[in-house]
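Residue numbers (the working numbering): 8 to 190. Virtual Cβ for every residue (Gly too), placed ideally from N, Cα, C.
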């Protein structure tokens with residue numbers, strides 16, 4: 008509710024504008040959605056930087072469009088007193104990219120039917136969807152910007168682990184992803 012230009016219950020409305028939805032439904036299990044392409048890549052070359060480039064090439068435009076839509080909605084619908092929260096978008100984007108990469112590599116689930124809105128929640132890891140929502144909520148509800156920035160940087164930096172595994176063509180991760188995508 009907005010009263011006299013101030014939000015009386017900031018609650019969950021703005022949290023819904025963070026780019027969480029695309030991650031909880033697709034980006035957290037991208038390699039399983041691209042099952043045959045991922046399987047082909049794993050068989051031919053193993054884990055390579057091509058998988059990382061594919062992830063970024065597909066996720067970044069969706070993330071950018073999601074953030075652009077959020078900016079337009081915030082500027083059009085919310086009072087200027089809340090515009091400072093737009094700073095959460097790059098923080099959430101960086102953190103969710105990392106969570107999505109972790110989820111796509113370590114918590115892949117076979118996708119039975121790609122476009123079935125009744126079953127979408129079964130196509131991604133519930134744990135990693137919860138982590139995505141938790142990170143977004145923490146970024147929104149933390150009262151200090153320094154803590155928000157630190158959290159986003161910490162979560163984003165955690166992507167170094169799976170990136171290093173991919174670049175090393177880690178056998179255990181390769182087998183885990185193969186099994187996870189249902190190949």
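Closest option to residue 96, judged by alpha-carbon separation, among 147, 179, 106: 147. Taken in chain order, the whole alpha helix (DSSP H) runs of length 4 or more contained in the region 63-141 are 95-113. With a contact defined as Cβ atoms closer than 8 Å, residue 184 and residue 56 miss out at about 15 Å. Nearest to residue 24 by alpha-carbon distance, out of 83, 169, 186, is 83.
A distance of 7 Å or more separates the beta carbons of residue 117 and residue 178. Judged by DSSP in its simplified three-state form, residue 55 adopts coil rather than helix or strand. With fewer than 16 other Cβ atoms from the protein chains shown falling within 10 Å of its own Cβ, residue 151 counts as exposed. In this structure, the CA atom of residue 33 is about 10 Å from the CA atom of residue 132. Where residue 166 is concerned, there is no enclosing alpha helix (DSSP H), because DSSP gives it neither an H nor an E.
Per DSSP, residue 151 is not a residue of any alpha helix (DSSP H), being assigned neither H nor E. Its Cα nearest to that of residue 171, the residue 58 stands out among 65, 91, 58, 29. The Cβ neighbour count for residue 138, taken over all protein chains shown within 10 Å, is at least 16; the residue is labelled buried. Assignment of residue 171 by DSSP, reduced to helix, strand and coil, places it in the helix class.
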